[in-house]
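Sequential numbering of the sequence shown, starting at 1, is according to UniProt numbering.
Heads up, the beta-carbon is just placed ideally off N, CA and C, and yes, glycines get one too.
In what follows, a single structure is set out as structure tokens and then discussed.
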Amino acid sequence: MSNPQLVPVLLSGGSGTRLWPLSREAYPKQFLPLVGRESLLQETWRRVAGLAEAAPLAVANEEHRFMVAEQLRQAGAEPAAILLEPVGRNTAPAIAAAALQATAGGDDPLLLVLPSDHAIAAAPAFRAAVQAARAAAEGGALVTFGIVPTGPETGYGYIKAAAGEGVRRVERFVEKPDAATARDYVASGAYFWNSGMFLFRASRYLEELGRHRPDILEACRRAFAGASRDADFVRLERESFAACPSDSIDYAVMEKTSDAAVLPVDVGWNDVGSWSALWAASERDGDGNAHHGDVLALECRDTYAWTERRLVALIGLDDVVVVDTDDAVLVAHKDKVQRVKDVVAALKRDGRGEAVLHRKVYRPWGAYDSVDTGDRFQVKRITVKPGAALSLQMHHHRAEHWIVVRGTARVTRGEEVLLLSENQSTYIPLGVKHRLENPGKVPLELIEVQSGSYLGEDDIVRFEDVYGRSA
């Protein structure tokens, strides 16, 4: 194909632990509106929507499939497919799966591979850079976008480019340097930050992956061949994909291929990889403070504060991060925010749910917020989207009371079907099959009071489920 179509590939498999407690394993940073009104995933799509010549592809964790689908729908994207990874295996296999999907029908498009959790301030400049890199990619080069460094950053890998203008040959990739080495790199003018963004023909990536890591390519081919397909989802076959080695595209392909090229760009790029990086990407006041929500700061400089509901007051603080969520508060010096991942590791080691879930948990049908809990009881606020339905289910260890506070609920309770409006309620005895639906045109909100000997989310037996979660 002489003029291949350009297809964006949105990589959405990250867990975002470095932005805990706002980002959690079940709802990581790409789904959060961190630098604008829309989520990072939605902004990634909007940034390149005008370049797309065919429907985009997305690669996501299977547990995040409905969030990816819903957020892209809200942003006006209709993906050709959302490829679901049963386990995380880094970027080389994820991109291979996208390339196999892109070439399955005999086409050989250009893939614009984009992490969905980065921020770019100068979107028009980035789109122009993609167009500038197109000819090289069409000719067979594997092009990456190197970020013109704004300082001697030690948290990024670097790319050394050959002398010249525009797209040029990559001389080498280097790991995250120490401060002195980073200063030398920046002073030389030959080194650029490794952005993790790429442009290449789908076939060329598969060729180079097969040449340098045939084990990864073979595992991905098996997982793709054995995939199940429903609606917009391509579920990669679990056993084959789990057996695939975990490796990044940098290690597996870009550092080994002789066709790696780089286009240096200055587009206001930020990987939003830590609270200090988010502070740098945010609008700041005259004292360097960046705040989200109801924040009062007195005699503070270069602080970052995020609050969702409560007032947060800061007095006499410099270079401090304060993040207040419903169930956790983080206070850290900006120089130490990389250690947030150690906090998450400690929470997981201790079996604490705060590492994985927010108090408010999103589901394909809506969300629930655990308002209160105690011995043998739990209170939740449940929101069901118009037209959505929970599974037909049963609990062995708990009974439930439902009180409608907004909208209309259709309740299946054993052999009965009830229609409840605002201020009406019902009781679901232990062991009775039941289902909650929203037949209306406005969100359904209700209060659920659970009581019983065990209240864990795994006490659910699903009999029917429109989202494919039943046994």
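- Annotated three-state conformation of Val-343 is helix, per DSSP.
- Assigned with DSSP and collapsed to three states, Trp-306 falls in strand.
- Nearest to Tyr-368 by alpha-carbon distance, out of Gln-450, Ala-135, Val-267, Glu-464, is Gln-450.
- For Glu-78, there is no enclosing beta strand (DSSP E), as DSSP gives it neither H nor E.
- With respect to Val-35, Ala-281 sits close: the two C-beta atoms are nearer than 8 Å.
- The C-beta of Glu-400 has 16 or more other C-beta atoms within 10 Å across all chains shown, which makes the residue buried.
- The three-state secondary structure of Gly-155, taken from DSSP, is coil.
- Within 10 angstroms of the beta-carbon of Ile-315 lie fewer than 16 other beta-carbons, which makes it exposed.
- Listed in chain order, the beta strand (DSSP E) elements of length 3 or more contained wholly in the stretch 91-171 are 110-115, 142-147, 158-161.
- For the pair Asp-108 and Leu-209, the Cα-to-Cα distance works out to about 16 Å.
- In terms of CA proximity to Thr-383, Val-442 leads the group His-395, Val-442, Gln-393, Glu-354.
- For Pro-8, the uninterrupted beta strand (DSSP E) segment begins and ends at 6-12.
- Counting C-beta pairs closer than 8 Å gives three or more between the stretch 201-216 and the stretch 93-100, which meets the contact rule.
- Bridge pairing for Ala-52: absent [DSSP].
- The C-beta of Tyr-454 has fewer than 16 other C-beta atoms within 10 Å across all chains shown, which makes the residue exposed.
- Here Ala-92 is actually not in contact with Pro-56; their C-beta atoms are around 20 Å apart, not less than 8 Å.
- Residue environment analysis places Arg-310 among the exposed positions, since fewer than 16 neighbouring C-beta atoms fall within 10 angstroms of its C-beta.
- Taking a cut-off of 8 Å for Cβ pairs, the stretch 17-26 and the stretch 345-359 touch, as three or more such pairs fall below it.
- Contact between Val-59 and Leu-41 is ruled out by a C-beta separation of about 12 Å, above the 8 Å threshold.
- Going by beta carbons, Arg-18 and Lys-336 fall outside the 8 Å limit.
- Judged by DSSP secondary structure, Gln-378 falls within the beta strand (DSSP E) whose first and last residues are 377-384.
- Three or more beta-carbon pairs drawn from the stretch 191-200 and the stretch 142-152 are found closer than 8 Å, and the two stretches are therefore classed as touching.
- The stretch 209-224 and the stretch 248-260 touch, with no fewer than 3 CB-CB distances between them shorter than 8 Å.
- For Trp-20, there is no enclosing beta strand (DSSP E), as DSSP gives it neither H nor E.
- Under the three-state reduction of DSSP output, Pro-264 falls in the strand class.
- In this structure, the alpha-carbon of Phe-241 lies about 39 Å from that of Thr-307.
- A direct Cα-to-Cα measurement between Gln-74 and Ala-102 gives close to 24 Å.
- The DSSP assignment places complete beta strand (DSSP E) segments of no fewer than 3 residues inside the stretch 214-296 at 228-230, 233-235, 260-265, 290-292, in order along the chain.
- Contact check between the stretch 361-376 and the stretch 342-349: fewer than three CB pairs, one atom from each, fall below 8 Å, which does not count as touching.
- In the three-state reduction of the DSSP assignment, Lys-360 falls in the strand class, which pools E and B.
- Nearest neighbour of Gln-71 by Cα position, chosen from Leu-51, Arg-89, Thr-44, turns out to be Thr-44.
- Lys-160 is positioned such that its CB atom lies closer than 8 Å to that of Glu-171.
- Rounded to whole angstroms, the separation of the alpha carbons of Lys-29 and Leu-330 is 16 Å.
- Beta-bridge partners assigned by DSSP to His-401: Tyr-427, Val-449.
- Your pair Leu-263 and Val-167 checks out as a contact, with CB atoms roughly 5 Å apart and the cut at 8 Å.
- Per DSSP, reduced to three states, the secondary structure at Ser-370 is strand.
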